[in-house]
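Numbering follows this note's numbering, in which position 6 of the sequence shown is assigned residue number 20; successive positions increment by one, without gaps. C-beta atoms are modelled at their ideal positions from N, C-alpha and C, and glycine is treated no differently. Report on the structure given below.
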Amino acid sequence: MLASVLSTNFRAGIYLLSGRAPVGHAGGMTQDLRIVELDVDDPTAVEAAFTVGNEAILADLPDLPPNCRAEHEVRVRLPMPGAERHIFLAWRGDEPVGLVQADLPVYDNLGKSFLDILVLKEHRRQGVGRALYRHAVDFGLARGRTSVMGFSVITDLGGAPIGSSAPFAAATGLENKLIDVRRRLDLSTADDAELDRLLAGSWPKAAGYSTVQWGNRPPEELLEDLALLDSSFLDEAPKGDLDFEAEKVDVDRLRRTYETRAHYGARAYETGVIHDASGRLVAWSALRVAKSVDWHAWQLVTLVDPAHRGHRLGMISKVVNLRTMRAQEPAVRIVDTFNAEVNTHMIAINEAMGFRAMDRWANWQASVA
Ligand SMILES: CC(C)(COP(=O)(O)OP(=O)(O)OC[C@H]1O[C@@H](n2cnc3c(N)ncnc32)[C@H](O)[C@@H]1OP(=O)(O)O)[C@@H](O)C(=O)NCCC(=O)NCCS
C-alpha cells in the first residue's frame, strides 16, 4: 500500500496456480495451512481474496473505505502495467484465513517486491502471517527479488499501537525506513471560504501559469510532460532510508496506466498547471474515486517541477482539483491522503486546506538475500 495506496495508492495478475506445502512456522496451528496462488477463474477464491483483504484491513482501521468490489473483479485479471501482482491465499480447510499480495515491479526496482500481508483477526497469532511472509519471500527470491517492502499503520497520533504490524515486523526482520502520516479532509465541515481565500492568495504569485483538467484520459499533448513528472515523483518526495529508485514512466506506460484504471471503473479528477510561456506542464494533482465507494476519494500525487516552485502551484492545483471533484461527486464526504512525516511543504498545504492527521504508518523494508 505504498502511498500507496497507495501509488498510492492502491495492480493484479494472472499467474500459475502453485499449491504448496505449508511453510514457515513450526507451530502446530500452521500444520493444516495451505498457501495457494489465486486462481482468477475460481469465483470462490476471488471472493475469498476480496473478503479477507477487506476484513483484515477494516478490523484495525474501521474508518478506512472498503475496497471496491467492482474494481477487485477486474483487477485480479487486468494488472496495472508497472508490476506483476501475485496473490497467495492461506486456507485452513475450506476457510480462507489470510493472504499476501506480492507486487514485482517490471520496469524499475527489479530487485524488490512489495508485500501486503493480511490475516483475518480471529486467525492472528497462529503463524499464518509468518508463513505467508516466508512464502512470498521465497517466491520473490526465485525471481531475483532480494529486498522486500511493505506499508502499514503502526500507531495513532499519541503513539498508541494500532494493529500488530510493528511486532510482526520485529519478528520477521522488517525495518521501518520512513514514517508516513495519513491525513483526512472531512468535506461536510470543510471551510469553503478558507479555500476561496487560499486560491485568491495564491494566484497573484502564479502570473504566467494556467490550469488544465482531465479525467481518465489526459490530453495526448501533455503525456510526455506528465510522464516526466511521474518519473521524478519518488525522487522528489522524501524517501527517508528507503532503498528505492524512482519509477520509470514513459508515455506508453502512462497511457496504459490510465486505460487500466478506467477499466476498473474508477473516476479520476486531475488538474495540471501549464507554464504559459513554454507550454510545458509543470505541476499536477490527482484525486480518485472508486466505482462502488461513492463517499470517499483518495488524494494521490501532487507534484511541482522544482524549477517552478515558489509560485503556489501545489496549492492551486490541489484546491482547483478538489473543487472540480466536489462539483461532480456530491456524495464524496471524505478525502484521505498520505505524506511522509518530514514532507513539511506538502503538509503545510494540506493543513491549510483543512486536512487533519489521523494515524502514523511505516514503510517497511528488509534485505532477504
Ligand atoms: C501483521 C499480521 C499480518 C500478523 O499476522 P499473524 O498471522 O498474526 O502473524 P504470526 O502469528 O505469524 O506472528 C508472527 C510473529 O509476529 C509477532 N506478532 C504478531 N502479532 C503480534 C501481536 N499482536 N503482539 C505481539 N507480537 C506479535 C510475534 O513475534 C509472532 O510470533 P509468535 O506468535 O511466535 O510470538 C496481522 O496482524 C495483520 O493482518 N495485520 C493487518 C495488516 C498488516 O499490518 N500487515 C503487515 C504489513 S505488510
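For V111, same chain residues with a beta-carbon under 8 Å away, outside a window of 5 residues either side, are L47, V66, A104, W105, V133, L134, H137, V142 in chain order. Taking a C-beta distance under 8 Å as the contact criterion, L113 and V162 do not qualify as a contact pair. Contact check for A280 and R302: beta-carbon distance about 5 Å, within the 8 Å limit, so the pair qualifies. Nearest to G154 by C-alpha distance, out of E208, G177, L118, is L118. Counting C-beta pairs closer than 8 Å gives fewer than three between the stretch 224–244 and the stretch 349–363, which falls short of the contact rule. Per DSSP, L199 is one residue of the beta strand (DSSP E) stretching across 189–200. Taking non-hydrogen atoms of ligand 1 into account, the C-beta of V307 is found less than 7 Å away from none of them. CA-to-CA, the gap between T186 and Q140 works out to about 14 Å.
The three-state secondary structure of P181, taken from DSSP, is helix. Note on the stretch 288–372: whole beta strand (DSSP E) runs with a minimum of 3 residues are 294–303, 310–318, 348–354, in chain order. Non-local C-beta neighbours of P252 in its own chain, meaning closer than 8 Å and more than five positions away in sequence, comprise L192, A354, V356, N357, ordered along the chain. Here D255 has K191 as same chain residues with Cβ atoms under 6 Å from its own Cβ, once five neighbours each way along the sequence are excluded. Under DSSP, D130 takes part in a beta bridge, and its partners are Q115. Excluding the 5 residues flanking it on each side, L243 has same chain C-beta neighbours closer than 6 Å at W298, L317, in chain order. Secondary structure of T285 (DSSP, three-state): strand.
With a beta-carbon spacing of about 19 Å, I288 and S245 fall beyond the 8 Å limit used to define contacts. For N230, the secondary structure class from DSSP, reduced to helix, strand or coil, is coil. Not a single heavy atom of ligand 1 lies less than 7 Å from the C-beta of G254. Annotated as proximal: T44 and A145, with beta-carbon spacing under 8 Å.
The beta carbons of G96 and R267 sit closer together than 8 Å.
Of the candidates D205, N335, V60, R89, the residue whose Cα lies closest to the Cα of A300 is N335. In chain order, V296 place their CB closer than 6 Å to the CB of D319, counting only its own chain and leaving out the 5 sequence neighbours on each side. Within its own chain, the residues whose Cβ lies closer than 8 Å to the Cβ of G222, once the five positions on either side in sequence are excluded, are H289, D290, A291, listed in chain order. Residue state for P95 is assigned as coil, using DSSP reduced to three classes.
Scanning its chain for C-beta atoms nearer than 6 Å, with the 5 sequence neighbours on each side dropped, one finds around S331 the residues T285, V287, A297, S299, in chain order. If you draw a straight line from the Cα of A366 to the Cα of W217, it comes to about 16 Å.
Cβ-Cβ separation between V60 and E87: approximately 7 Å, consistent with a contact (criterion under 8 Å).
Around the Cβ of A214, a 10 Å sphere holds fewer than 16 other Cβ atoms; the residue is exposed. Collapsing the DSSP output to three states places V265 in a helix. Taking C-alpha positions only, R340 is separated from T203 by approximately 13 Å. Taking non-hydrogen atoms of ligand 1 into account, the C-beta of G141 is found less than 7 Å away from one of them.
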